[in-house]
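Per this note's numbering: the sequence shown = residues 164 to 802. For every residue, glycine included, the Cβ atom is placed at its ideal position computed from N, Cα and C. Note that the coordinates shown come from a computational prediction; the quantities given were computed from them, not determined experimentally.
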Amino acid sequence: MSETDTSVHGAETLGFQAEVKQLLHLMIHSLYSNKEIFLRELVSNASDACDKLRFEAIDEPDLLQGDTDLRIRVEYDAAARSVTISDNGVGMSRDEAVSHLGTIARSGTKEFFSRLTGDKQKDAQLIGQFGVGFYSSFIVAQKVSVLSRRAGAVETDAVLWESDGQGEFSVTQVEKADRGTSVTLYLREGEDEFLSGWKLREVLRRYSDHISLPIQMLKEEWDSEKSEQVKKTEWETINQANALWTRGKSDITDEQYQEFYKHVAHDYEDALAWTHNRVEGRSEYTQLLYIPKHAPMDLWDREGKRGVKLYVKRVFIMDDAEQLLPMYLRFVRGVIDSADLPLNVSRELLQESRDVRVIREGSTKRVLSLLEDLAENKPEQYTTFWEQFGQVIKEGTGEDTANKERIAKLLRFASTHADNAAQTVSFADYVGRMKEGQDKIYYVSADSFAAASHSPHLEIFRKKGLEVLLLSDRVDEWMLSYLRDFDGKSLVSIAKGGLDLDQLADDDEKKHQTEVAETFKPLVERLKAALTEKVKDVRVTGRLVDSPACVVVDENELSPHLLRMLQSAGQTAPDVKPILEINPEHALIARIQASSDGDFGEWSQLLLDQAMLAEGAHLADAAGFVKRMNRLLLGGSAG
């Protein structure tokens with residue numbers, strides 16, 4: 164920091180946010196095996212600061228103050244055991260330094276900490292997903308000093324932030340001759356490898372070669388008399404200093420693509436896949452879009468930051484440009500660089516721009532093509548993707564009607580074809596296994612995989628060898644309101660009363676069902692009378708094999724599962740009375756039929772309660788159910 168003079172005007176000591184203390188402790192102990200990332204993170208932050216200044220200067224050119232050559236500089240001082248990363252970007256005010264460096268103001272924080280296990284390897288992965296950023300400095304540093312002056316501020320309005328990472332930090336008003344930020348790390352014992360120009364260059368070229376700004380270090384030459392490298396006063400650029408996405412794909416290695424992903428996504432792990440294209444025609448733009456391996460902590464916060472970085476003619480415009488991709492692709496990271504948009508484009512203008520609509524449509528198709536390629540040619544990678552982002556993709560069936568058919572082909576489900584909860588069955592898989600004469604895709608939805616796989620509605624389908632999709636994601640019911648068929652085959656809930664079961668029965672079975680329905684007509688009427696306030700109807704069914712009864716709803720009514728979801732979300736749900744269907748072959752039905760008039764009402768209510776529980780419902784009078792069941796089991800009488 165020799166080029167900058169500082170003068171102290173008073174210090175203030177503040178405490179880190181509790182989450183920062185916890186993150187610092189975890190990071191130092193969990194990420195130590197990959198400590199080089201501190202340099203990547205600090206250079207990435209410096210690059211962002213320069214990008215933001217360039218954008219602000221579009222409307223306020225005076226912010227540049229004649230210093231238009233934005234750059235990043237890295238220095239080391241072996242005697243002081245320090246490494247300094249400097250930039251002449253937008254800088255920070257005192258309040259910004261306290262906010263940015265002392266707190267974690269981002270969604271997903273609470274879930275992040277709740278998922279920590281104490282296992283260093285697992286926690287390191289979580290820390291990487293959360294983003295390490297500036298705090299990675301403390302992996303190698305016993306003390307960190309940040310000297311910064313906001314662009315447009317006067318020399319005396321700079322700030323010096325300092326901390327040993329133990330729980331407190333100090334902020335001091337100082338003088339700084341120029342704008343921008345210098346981060347100085349005072350290294351711990353044993354970190355001497357970073358006090359080498361060769362080592363710093365090697366790390367910077369490996370991790371930050373894609374940065375579009377020049378990264379500079381002082382030239383060094385070998386002094387044979389001293390047998391050491393000696394610094395000169397001349398700065399040299401050590402990276403390519405051109406935007407990676409502007410290069411030809413054949414000129415970029417997979418390692419360079421991955422390092423750029425980590426820069427643009429602030430991720431610790433490699434990306435799962437990416438697509439890089441230059442588009443010409445009605446609109447001219449370049450897209451470099453990545454699919455992460457892991458879902459971010461704030462994936463389900465629809466108000467959280469999302470989207471890709473927007474550039475116009477290689478000039479950074481904004482982070483998280485959500486207008487460039489639909490909501491259901493909010494996990495995508497990367498860069499879109501437009502040749503047509505104005506440099507002063509705002510978020511409001513993005514919503515109305517024809518060029519943005521073209522970019523959005525084109526980028527959406529590119530991402531879907533990338534996912535289709537994974538699904539077809541790299542099924543293991545697609546399984547990884549689906550486990551992390553499958554529920555989000557399901558949102559696309561209602562949000563993106565233009566691509567609904569493509570999205571439907573990407574969907575995966577659990578089914579009775581497998582004996583586990585893994586969602587690996589596509590609609591195409593299901594259709595390919597359909598029985599001769601079958602013209603419907605059957606599904607059952609429930610609160611969990613266990614509830615779905617044990618649903619009494621499955622009994623006849625298992626007996627007949629017919630596959631049923633098992634849906635248990637919260638988004639499934641919403642998805643099904645938009646997705647009614649696939650490849651000409653209707654999607655049908657097996658829990659709906661209008662299910663046509665005749666096609667599952669042969670002539671003898673149909674004849675037997677008709678006879679049974681007539682035989683049990685008196686019992687059905689008695690049940691209707693006993694449960695008249697509780698059910699819409701009672702009828703004999705052929706859908707059950709092992710269970711005595713089940714509840715269904717009419718085809719056009721909301722399913723019990725969806726009703727429960729609405730209620731749990733605090734929304735008003737319509738009062739839908741279920742239809743009780745009984746299995747005439749079951750011993751419990753025979754027991755009820757033979758019960759006295761005094762016990763019949765109790766047995767009827769018990770039968771209904773059991774069917775409701777099997778459906779996943781919560782009984783309004785659980786204590787009454789237990790009391791009734793115990794008394795009937797013990798042979799008591801209603802008296």
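Close-in-space but distant-in-sequence residues of the same chain around K567 (CB under 8 Å, 5 per side omitted): Around K567: G559, T560, Y645, L646.
Cα-Cα separation between D582 and P619, rounded to whole angstroms: Straight across, the Cα-Cα distance linking D582 with P619 is about 16 Å.
Cut-off 6 Å between Cβ atoms - residues of its own chain near V519, not counting five sequence neighbours on either side: The answer, listed in chain order, is Q486, L513.
Secondary structure of D417, DSSP reduced to three states: If DSSP states are grouped into helix, strand and coil, D417 belongs with the helices.
Segment limits, alpha helix (DSSP H) that includes W549: Looking at the DSSP string, the run of the alpha helix (DSSP H) that includes W549 is 542 to 562.
Selection from A174, E748, T682, M792 that minimises the alpha carbon distance to Q773: Looking only at A174, E748, T682, M792, the smallest Cα-Cα distance to Q773 is reached by M792.
Pairwise C-alpha distance: V346 and N251: When rounded, the distance between both Cα atoms is 12 Å.
Close Cβ partners of V594 (< 8 Å) along its chain, the five nearest in sequence each way excluded: Contacts found: I604, F649, D650, K652.
Cβ pair Q305, Y349 closer than 8 Å: When the beta-carbon positions are compared, Q305 and Y349 come within less than 8 Å of each other.
Candidates F301, L574, V588, of which the one nearest H580 by Cα: Looking only at F301, L574, V588, the smallest Cα-Cα distance to H580 is reached by V588.
Straight-line gap, E175 to R257 (C-alpha atoms, nearest Å): Rounded to whole angstroms, E175 to R257 spans 11 Å at the Cα level.
Any non-hydrogen atom of the ligand FMN within 7 Å of A436 CB: Questions concerning the ligand FMN fall outside what the structure shown contains, since it holds no ligand whatsoever.
Bridge-paired residues (DSSP) for D700: Answer by DSSP bridge pairing, in chain order: I742.
Selection from A242, D211, Y474, T546 that minimises the alpha carbon distance to V352: Per the sequence shown, residue 352 should be read as Glu rather than Val. When each option's Cα is compared against that of E352, the closest is A242.
Simplified DSSP state of H439, which is helix, strand or coil: In the three-state DSSP reduction, H439 falls in the strand class (E or B).
Three CB pairs or more closer than 8 Å across the stretch 481 to 500 and the stretch 387 to 403: Here the stretch 481 to 500 does not lie against the stretch 387 to 403, with fewer than 3 beta-carbon pairs under 8 Å apart.
DSSP state of L462 mapped onto helix, strand, coil: Residue state, collapsed to three classes: coil.
Secondary structure of F357, DSSP reduced to three states: Helix at F357.
L205 and I248 closer than 8 Å at C-beta: The Cβ atoms of L205 and I248 sit closer than 8 Å to each other.
Own chain residues within Cβ distance below 8 Å of Q379, not counting five before or after: Excluding positions up to five away in sequence, the list reads R234, I235, R236, V237, W398, E399, T400, I401.
Pair within 8 Å by beta-carbon distance, R636 and K572: The amino acid at residue 636 is misidentified as Arg; the sequence shows Asp. It is not a contact, given that the beta carbons lie outside the stated cut-off.
Beta-ladder partner(s) of K659, from DSSP: Note: K659 is bridge-paired with V716 in the DSSP secondary-structure output.
DSSP bridge partner residues for D205 (one or two, in chain order): Position check: residue 205 holds Leu in this sequence, whereas Asp was assumed. BP columns for L205 are empty, so no partner.
Which listed residue (A316, F763, R469, V508) has its alpha carbon closest to that of I221: Comparing Cα positions, the closest option is V508.
Y448 versus W437: straight-line alpha-carbon distance, rounded: For Y448 and W437, the distance between alpha carbons rounds to 17 Å.
Residue range of the beta strand (DSSP E) that includes Y605: Note, Y605: beta strand (DSSP E), 603 to 608.
Beta-carbon spacing of V521, S446 below 8 Å: Contact: yes.
C-beta atoms of K184 and I302 nearer than 8 Å: No, the pair does not count as a contact, with Cβ atoms beyond the cut-off.
Length of the line joining the Cα atoms of L186 and L473: Roughly 30 Å separates the two Cα atoms.
N- and C-terminal bounds of the alpha helix (DSSP H) containing M380: For M380, there is no enclosing alpha helix (DSSP H); the residue is found in the beta strand (DSSP E) stretching over 378 to 386.
Inter-residue CB distance, A712 and I745 (contact presumed, cutoff 8 Å): That pair is a contact at about 5 Å.
Backbone secondary structure at D433 - three-state DSSP: When secondary structure is reduced to three states using DSSP, D433 falls in the coil class, being assigned neither helix nor strand.
Identity of the residue in G411, G525, Y545 nearest P455 by Cα: Closest by alpha carbon: Y545.
For M481: DSSP bridge partner residues: For M481, the beta-bridge partners assigned by DSSP are L473.
Chain-order list of residues whose beta-carbon lies under 6 Å from that of K541 (same chain, five-residue window excluded): If we look at K541 and ignore the five residues flanking it on each side, it has no Cβ neighbours.
Minimum C-alpha distance to S333 - residue among L323, D341, L189: Nearest to S333 by C-alpha distance, out of L323, D341, L189, is L323.
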